[in-house]
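A.B. asks: Residue numbers (this note's numbering), protein chains in the order written: chain D, 143 to 497; chain H, 143 to 497. The beta carbon of each residue, even a glycine, is placed where N, CA and C say it ideally should be. In this text, all values refer to a predicted model and were calculated from it rather than measured experimentally. Shown below is the structure under consideration.
There are 2 protein chains.
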Amino acid sequence: MKRNNQTGSQRRAKFAPQSRPTIKDIAQRCGVHPSTVSRALSTVMHHLVAEDVARRIQAAATALGYRPNVTAAGLRTGRSGLIGVLAPDIADPSFPPILGGLAETLNAAGYATIVVDVGPQRSQRELVNQLVSRGVDGLVLASVTLNDPVIKHCIDASIPVVLVSRTDAGRRLPSVVTDDEAGIRLAVEHLVSLGHRRIGHVAGPSDVSTGVLRRASFVASTARAGLSARETMIETAQAYARMAGRLAALRLLERKAPPTAIIAANDLLAFGTYDALAARGLNCPKDVSVVGHNDMPYVDMLSPPLTSVRIAQRDMGEQAAQLLLERIAHPVLRRSHIVLKPTLILRGSTAAPGR
Amino acid sequence: MKRNNQTGSQRRAKFAPQSRPTIKDIAQRCGVHPSTVSRALSTVMHHLVAEDVARRIQAAATALGYRPNVTAAGLRTGRSGLIGVLAPDIADPSFPPILGGLAETLNAAGYATIVVDVGPQRSQRELVNQLVSRGVDGLVLASVTLNDPVIKHCIDASIPVVLVSRTDAGRRLPSVVTDDEAGIRLAVEHLVSLGHRRIGHVAGPSDVSTGVLRRASFVASTARAGLSARETMIETAQAYARMAGRLAALRLLERKAPPTAIIAANDLLAFGTYDALAARGLNCPKDVSVVGHNDMPYVDMLSPPLTSVRIAQRDMGEQAAQLLLERIAHPVLRRSHIVLKPTLILRGSTAAPGR
DNA sequence: ATGAAAGCGCTAACAG
DNA sequence: CTGTTAGCGCTTTCAT
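The following block contains the structure:
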């Protein structure tokens, strides 16, 4: 049952781009023209070929272990079947679910994804260019800042793009995000209903949409709940990272009238807030309640289990993929911004103010 | 300052594979032959072209915003610059660090990675075939089972492959793994030194190397420490997942002489063990000590903070990438198996046996 | 140092 | 229904 390598090895004398059987090998073996093979193997052109010939070709293909060279096909058709994904930080546990939703939907449509972790300082422009060089058919950006130059770059290059998780300031590109306003409102209302009045916010970076929108919602929601500006306080974290959250939370706790509850703009910042409380010998939730955002996997295992705003990450990924597929099919720049509703998951980190 | 699209749009009358400038456009603009442009833009062939011509070409390239089509280049050279990575579960927080190490090293060498999440039931063979269809230059498998048919498939197809995290039974492919034997031995010695004698093991799935090796080490290490077979007990989890860990741990706790300490084959199983203890109203570490494995990010935030065997994930990724690059350069099947030393990180989940 | 020519594997327009 | 022809964008002989 050993395979015949003859045809494969004779060809390609000078350079050896591919050692697997090609459409030509099958054609030769079946005594037909390569294009007939191409047609027989294509689902869409399949009907143009005689039943029995098609069967013979199929058989030969499997016998030779033929695998189409999608790269070559792509060169011809101009579509690579590749989607580039730019992620802010793969190590952030809130990202995998989004990626899961993205990949599943895109795979189902025949696309593969190239995920690139945008490092701290790396230029997204350059990364986009590299992906374009690879011929990606579309881009998912999970990493944009509010006035990111990459937005204009993508628009100029007229690449199908969808933003996920974050939007740009001008809403120039289609996006799928969570309702940041609603998420923080839920958190504020919950804390106020527990009796908190001095509430602090560990805000996310001010150059990303989630950071500013959640912050704005904190201001608006606390005001609507009747809290005075003096009772509410905000410290901004430099990054969505545990250490940055710790530093910001420490600043909140140093105030003369420190908060009895802290809303963190994301769970990693909430982790840092836990650290800050521990460092100050404060108990959560007895001394200070904490609410996170994103409801990362396993935050129920913390001590205390983290009350957090759950966002539909997987859904977000799926919808973004869907939007991108539409965009690829119809490159019209109709704006569409999908906003998903969050829910508040109550756990042990919030309680009525102590004392 | 608007770009001249003439050349780009005139060409390609019938189909429109690419709307960006090509090597031809530059050649035309500079009054040279396309091959000269190719040479001028290639770092290795660059010396074959006159200094000033090269400069003119470079200038034209940047002016037009030229991006080489690596797909076309790949078709010609037979190398795509793509590496496929098969992951068992992207959502598992121990994976991102490995991926980080992989991607960084491979990117530095000019490769991009396509990460594919091997779902529960999906055939790895088929996924490998899809990646081969995409022309990947090499494969990193983080997902192999002990007698995985995909191994033979890859060997037969003579694709450069490196295993990471797990090995196959026959050690037929190069691999980078942690020293499973040493990791569990550290855990056992630690617990024995604390005074534990009845120790349980929540073993990983018996079809993956980490599962059986850690289990074997548990048996050997406890024996070497002088524990009898009656004092040690093992329950196997069906998967590296929290729920599976919970079920296995519950079985351990149901024994007539339950363990005073449990070593989980990985942190996710340790999470499940925490759940089981909580369900039985037992305190960790007072009633039962727990040791995890992998030292996932943020396990220090659990209650109690998880004592865990730390493995050098990032390093693992880097070394695997290195190995793969060598393998691509020299496809000789010299076996090389890199084993990284783990360390035990002591935290609050282990203490002397209670009462 | 440069141009000419060929071709990687595949698909699609055009004939018949 | 099938063969012919052409060519995607690029690299690499082979001649100058």
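Identify every run of the alpha helix (DSSP H) within the region 362–410 of chain H, keeping only runs that are complete inside it and at least 4 residues long; order them along the chain.
C.D. replies: 384–395
A.B. asks: Using a Cβ-Cβ distance under 9 Å, would Ser300 (chain D) count as near chain H?
C.D. replies: Residue mapping note: residue 300 (chain D) aligns to position 158 of the first sequence, counting from 1. Yes, because at least one Cβ of chain H sits closer than 9 Å to the Cβ of Ser300 (chain D).
A.B. asks: Mind listing, in chain order, the continuous alpha helix (DSSP H) runs of no fewer than 4 residues lying wholly within the region 213–269 of chain D?
C.D. replies: You should have 237–250.
A.B. asks: Against chain D, does Gly150 (chain H) count as a neighbour if the rule is that its beta carbon must be under 9 Å from one of theirs?
C.D. replies: The residue given as residue 150 (chain H) occupies position 8 in the second sequence. Any answer about Gly150 (chain H) is weak, because its pLDDT of 44 lies below 50 and its placement is not dependable; what the coordinates show is given next. No, no contact with chain D.
A.B. asks: Please determine, among D:Ile165, D:His189, D:Leu217, the residue with the shortest C-alpha to C-alpha distance to Ala203 (chain D).
C.D. replies: Here residue 203 (chain D) refers to the residue found at position 61 of the first sequence. Per the Cα distances, D:Ile165.
A.B. asks: Which residues mark the beginning and the end of the alpha helix (DSSP H) in which Gly325 (chain D) is found?
C.D. replies: Here the question's residue 325 (chain D) lines up with position 183 in the first sequence. It spans 322–336 - the alpha helix (DSSP H) in which Gly325 (chain D) sits, taken as one unbroken run.
A.B. asks: Are the C-beta of Ser307 (chain D) and some C-beta of chain H separated by less than 9 Å?
C.D. replies: Translated into positions along the first sequence, residue 307 (chain D) becomes position 165. With 9 Å as the cut-off, Ser307 (chain D) does not count as an interface residue toward chain H.
A.B. asks: With a threshold of 8 Å on Cβ separation, who are the neighbours of Asp442 (chain D) within its own chain once the five nearest residues in sequence on each side are excluded?
C.D. replies: Here residue 442 (chain D) refers to the residue found at position 300 when the first sequence is read from its first residue. Excluding positions up to five away in sequence, the list reads Leu448, Arg489.
A.B. asks: Measure the beta-carbon distance from Leu217 (chain D) to Thr213 (chain H) and round it to whole angstroms, keeping in mind my assumption that it falls under 8 Å.
C.D. replies: Position 75 of the first sequence, counting from 1, holds the residue named residue 217 (chain D). Position 71 of the second sequence, counting from 1, holds the residue named residue 213 (chain H). Yes, Leu217 (chain D) and Thr213 (chain H) are in contact; Cβ-Cβ is about 6 Å, under 8 Å.
A.B. asks: May I ask you to report which of helix, strand or coil DSSP gives Leu444 (chain D)?
C.D. replies: Locating residue 444 (chain D) in the first sequence gives position 302, where the first residue counts as 1. Residue state, collapsed to three classes: strand.
A.B. asks: Hey, could you find the ends of the beta strand (DSSP E) Ser180 (chain D) is sitting in?
C.D. replies: Start at 1 with the first residue of the first sequence, and residue 180 (chain D) comes out as number 38. Segment 176–183 is the alpha helix (DSSP H) holding Ser180 (chain D); no beta strand (DSSP E) there.
A.B. asks: Is the beta carbon of Leu411 (chain H) less than 9 Å from the beta carbon of Gly342 (chain H)?
C.D. replies: Your numbering for residue 411 (chain H) matches position 269 in the second sequence. Your numbering for residue 342 (chain H) matches position 200 in the second sequence. Not closer than 9 Å, so no.
A.B. asks: Can you give me the C-alpha to C-alpha distance between Thr492 (chain D) and Asn408 (chain D), rounded to a whole angstrom?
C.D. replies: Here residue 492 (chain D) corresponds to residue number 350 of the first sequence, with the count starting at 1. Here residue 408 (chain D) corresponds to residue number 266 of the first sequence, with the count starting at 1. If you draw a straight line from the Cα of Thr492 (chain D) to the Cα of Asn408 (chain D), it is about 16 Å long.
A.B. asks: Looking at chain H, is there any beta carbon in it that lies within less than 9 Å of the beta carbon of Gln272 (chain D)?
C.D. replies: For this step, residue 272 (chain D) is matched to residue 130 along the first sequence. Gln272 (chain D) counts as touching chain H.
A.B. asks: Between which residues of its own chain and Ala505 (chain D) is the CB-CB distance below 8 Å, once the five residues before and five after are set aside?
C.D. replies: It is not possible to answer for residue 505 (chain D), since the shown part of chain D is limited to 143 through 497.
A.B. asks: In terms of residues, what are the limits of the beta strand (DSSP E) holding His343 (chain H)?
C.D. replies: Counting from 1 along the second sequence, the entry for residue 343 (chain H) is found at position 201. Note, His343 (chain H): beta strand (DSSP E), 341–345.
A.B. asks: Leaving aside the five residues before and after Leu333 (chain D) along the sequence, list all residues of the same chain whose C-beta is less than 8 Å from its C-beta, in chain order.
C.D. replies: On the first sequence, position 191 is the one that residue 333 (chain D) refers to. If we look at Leu333 (chain D) and ignore the five residues flanking it on each side, its Cβ neighbours are Ile341, Ala403, Ile405, Ser431, Val433, Thr492.
A.B. asks: Three-state secondary structure (DSSP) at Ala155 (chain H)?
C.D. replies: Residue mapping note: residue 155 (chain H) aligns to position 13 of the second sequence, counting from 1. Any reading at Ala155 (chain H) needs caution, since the residue's pLDDT is 40, under 50, leaving its predicted position unreliable; the model's value is listed next. It is coil, neither helix nor strand.
A.B. asks: Using the Cβ count rule (16 or more neighbours within 10 Å means buried), how would you classify Val297 (chain H)?
C.D. replies: Stepping through the second sequence from its first residue, residue 297 (chain H) is reached at position 155. Correcting the residue type first, residue 297 (chain H) is Ile in the shown sequence and not Val. Classification for Ile297 (chain H): exposed.
A.B. asks: So which residues of chain H does Tyr208 (chain D) contact, with C-beta pairs closer than 8 Å?
C.D. replies: Here residue 208 (chain D) refers to the residue found at position 66 of the first sequence. Taking a Cβ-Cβ threshold of 8 Å, none of the residues of chain H is close to Tyr208 (chain D); the smallest such distance is about 10 Å.
A.B. asks: Are the beta-carbon atoms of Thr364 (chain D) and Glu377 (chain D) separated by less than 9 Å?
C.D. replies: Counting from one through the first sequence, the residue named residue 364 (chain D) turns up at place 222. Counting from one through the first sequence, the residue named residue 377 (chain D) turns up at place 235. No, these two residues do not count as a Cβ contact at 9 Å.
A.B. asks: Cβ of Lys156 (chain H) less than 9 Å from any chain D Cβ?
C.D. replies: Taking the first residue of the second sequence as position 1, residue 156 (chain H) is located at position 14. With a pLDDT of 46 at Lys156 (chain H), under the threshold of 50, the modelled position of that residue is not reliable, and no figure is offered here.
A.B. asks: With 9 Å set as the bound, which would you pick, yes or no: does the beta-carbon of Leu106 (chain H) sit closer than that to a beta-carbon of chain D?
C.D. replies: Since the displayed chain H opens at 143 and closes at 497, residue 106 (chain H) lies outside it and no answer follows.
A.B. asks: Looking only at its chain, what residues have a beta carbon closer than 6 Å to the beta carbon of Leu281 (chain D), apart from the 5 residues adjacent to it on each side?
C.D. replies: Position 139 of the first sequence, counted from the start, is the residue given in the question as residue 281 (chain D). Cβ within range, chain order: Gly226, Ile301, Val303.
A.B. asks: Count the CB pairs spanning the region 315–331 of chain D and the region 353–362 of chain D that are closer than 8 Å, and state whether there are at least three.
C.D. replies: yes
A.B. asks: By DSSP, does Val282 (chain H) sit in helix, in strand, or in coil?
C.D. replies: Mapped onto the second sequence, residue 282 (chain H) falls at position 140. DSSP places Val282 (chain H) in strand when its eight states are reduced to three.
A.B. asks: Over the uninterrupted beta strand (DSSP E) stretch that includes His479 (chain H), give me the two end residues.
C.D. replies: As a working mapping, residue 479 (chain H) is identified with position 337 in the second sequence. Note, His479 (chain H): beta strand (DSSP E), 479–482.
A.B. asks: Quick one: list the residues of chain H neighbouring Ile168 (chain D), beta-carbon separation under 9 Å, in chain order.
C.D. replies: Taking the first sequence and counting its residues from 1, the one referred to as residue 168 (chain D) is at position 26. Within chain H, no residue comes near Ile168 (chain D); the closest Cβ sits about 15 Å away, beyond 9 Å.
A.B. asks: Under 7 Å between beta-carbons, which chain H residues line up against Ala254 (chain D)? List them in chain order, please.
C.D. replies: On the first sequence, residue 254 (chain D) is found 112 positions in, with the first residue counted as 1. Ile256, Arg276, listed in chain order.
A.B. asks: DSSP beta-bridge partners for Arg452 (chain D)?
C.D. replies: Here the question's residue 452 (chain D) lines up with position 310 in the first sequence. Partner(s): D:Asn436, D:Thr485.
A.B. asks: Determine the direct distance from the alpha carbon of Leu273 (chain H) to that of Ser222 (chain H), and round the result to whole angstroms.
C.D. replies: The count along the second sequence starts at 1 and reaches residue 222 (chain H) at position 80. The count along the second sequence starts at 1 and reaches residue 273 (chain H) at position 131. If I take the Cα positions, the gap works out to 11 Å.
A.B. asks: Which of the three DSSP states is assigned to Leu305 (chain D) in this structure?
C.D. replies: What you label residue 305 (chain D) is simply residue 163 of the first sequence in a count that begins at 1. Look at Leu305 (chain D) here: in three-state DSSP terms it is strand.
A.B. asks: From Leu336 (chain H) to Ala367 (chain H), what does the alpha carbon distance come to, in whole angstroms?
C.D. replies: Position 194 of the second sequence, counting from 1, holds the residue named residue 336 (chain H). Position 225 of the second sequence, counting from 1, holds the residue named residue 367 (chain H). Cα to Cα, the separation comes out at about 12 Å.
A.B. asks: For Pro400 (chain D), which residues in the same chain have their Cβ closer than 6 Å to its Cβ, ignoring the five residues on either side in sequence?
C.D. replies: Along the first sequence, read from residue 1 onward, the residue named residue 400 (chain D) stands at position 258. Nothing listed; no residue qualifies.
A.B. asks: Is the region 457–476 of chain D touching the region 232–251 of chain D, taking contact as three or more C-beta pairs under 8 Å?
C.D. replies: Three or more Cβ pairs closer than 8 Å define a contact, and the region 457–476 of chain D meets that threshold against the region 232–251 of chain D.
A.B. asks: Quick check: what's the CA-CA separation for Leu328 (chain D) versus Leu305 (chain H)?
C.D. replies: For this step, residue 328 (chain D) is matched to residue 186 along the first sequence. For this step, residue 305 (chain H) is matched to residue 163 along the second sequence. Spanning the two alpha carbons is a distance of roughly 46 Å.
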